[in-house]
Amino acid sequence: MSFFRRNRERMMVAFVAIILIILIGVTSTERMALTKFERILGNLLRPIGKVSITISERISDFFSGIKNIVNLKEENEMLKKQVSLLEEENRNYLNIIGKTDYLRNELRLLENTKYNLIEAQVTGKEPGNWFNRFTIDKGLKDGVEKGNTVVQGIQI
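For reference, each letter of the sequence shown is one residue, going 2 to 157 in our numbering.
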């Protein structure tokens with residue numbers, strides 16, 4: 002094979018590059034108006050430029066949309082977590098508001114009684130619906146004996 006056949010593509014690229022460099026040199030001088038050749042060339046290449054700009058804008062918009070979808074998913078997950086936290090906080094506030102009557106009753110009981118009251122938690126209940134028997138977390142060491150009276154001020 003000859004040198005020109007093997008390197009034909011490289012030579013074409015070099016030839017186009019040389020022509021473009023010459024055109025840059027010719028058109029880079031300060032002038033008031035375009036030459037006739039530049040106007041004709043500009044008019045011929047303008048539709049190609051418009052098509053390439055339109056294609057590149059659409060491709061850019063497409064990938065921007067995909068990027069925007071990813072950002073929206075991340076933002077959506079963050080907002081879901083925030084909504085979950087706010088709902089939990091709201092449930093806690095509603096729980097506190099719902100207990101105000103019980104807390105007032107317990108305060109009145111503590112203020113009006115002359116007995117020594119001990120706070121205890123129920124740790125076990127008898128199976129069934131009546132709960133006649135139950136176990137609490139206080140015992141003889143705390144001053145509680147079998148058969149003592151149980152007062153329920155509130156139910157938390």
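The beta-carbon is built from N, C-alpha and C at its ideal position, and this holds for glycine as well.
- In the DSSP assignment, Gly26 falls within the unbroken alpha helix (DSSP H) covering 9-28.
- Apart from sequence neighbours up to five positions away, the residues of its chain that approach Asn133 with a beta-carbon distance below 7 Å are Glu127, ordered along the chain.
- Between the alpha carbons of Asn44 and Gly50 lies a distance of about 10 Å.
- Per DSSP, reduced to three states, the secondary structure at Gly125 is strand.
- In the DSSP annotation of this structure, the continuous segment of the alpha helix (DSSP H) that includes Ile54 starts and ends at 37-99.
- For Ile137, DSSP records a beta bridge to Val123.
- Contact check for Thr124 and Thr136: beta-carbon distance about 5 Å, within the 8 Å limit, so the pair qualifies.
- Between the C-alpha atoms of Leu21 and Gly66 there is a straight-line separation of about 36 Å.
- Short of 8 Å from the beta carbon of Ile119, and not among the five residues preceding or following it, lie these beta carbons of its own chain, in chain order: Lys139, Asp143, Gly144, Val145.
- Rounded to the nearest angstrom, the Cβ distance from Met12 to Phe5 is 7 Å, consistent with a contact under 8 Å.
- The distance from the Cβ of Leu110 to that of Val152 is about 7 Å, consistent with a contact at the 8 Å cut-off.
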